[in-house]
Amino acid sequence: MIFRGIFFSYALTNQYNHRNYQMIAVVINSLIFASVHVDANWEPWIYYTLMGSILGTTYLLAKRDIRMNILVHMGTNLAVFALAAMS
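Here you go:
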């Protein structure tokens, strides 16, 4: 909710709601998302940056409906947990 709901509410006000600003906001948001989720290792940065981009794009495509974003995030976490449990 912080990354999508609050960040995009401030980053994409009416004057900055153009497609170019949305793309820049998704990139910045995904880098912030990765920095919060990753420690000193650089390898997970790729995964978390990609996941942040997917979640940011999903949020915008869902017309800023945070519920869809929450479902995608939960599904991803569930898939990672299931893969870890199987190995």
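With the numbering used here, letter number 2 in the sequence shown gets 3, and the count goes up by one each step, no holes. Here a beta-carbon is modelled for each residue, glycine too, at the ideal position from N, C-alpha and C. Source: prediction; values computed, not measured.
DSSP three-state label for Arg65, please.
Taking the sequence shown and counting its residues from 1, one reaches residue 65 at position 64. DSSP places Arg65 in coil when its eight states are reduced to three.
Are there 16 or more other CB atoms within 10 angstroms of the CB of Thr50, so buried, or fewer, so exposed?
As a first step, residue 50 is located in the sequence shown; it is residue number 49 there, counting from the start. Classification of Thr50: buried, given that the 10 Å Cβ count is 16 or more.
Hey, quick one: how far does the alpha helix (DSSP H) through Ser10 stretch, first residue to last?
Along the sequence shown, read from residue 1 onward, the residue named residue 10 stands at position 9. In the DSSP assignment, Ser10 falls within the alpha helix (DSSP H) that extends over 8–12.
Going by alpha carbons, who is nearest to Phe9 out of Leu84, Ala35, Gly57?
Counting from 1 along the sequence shown, the entry for residue 9 is found at position 8. Of the listed residues, the one whose Cα sits closest to Phe9 is Gly57.
Give every residue of the same chain whose Cβ lies closer than 7 Å to the Cβ of Asn70, excluding the five residues on either side of it in the sequence, and list them in chain order.
Walking along the sequence shown from the start, residue 70 turns up at place 69. Counting only residues of its own chain and dropping the five nearest sequence neighbours on each side, Asn70 has a CB closer than 7 Å to the CB of Arg5, Leu56, Thr59, Tyr60, Ala63.
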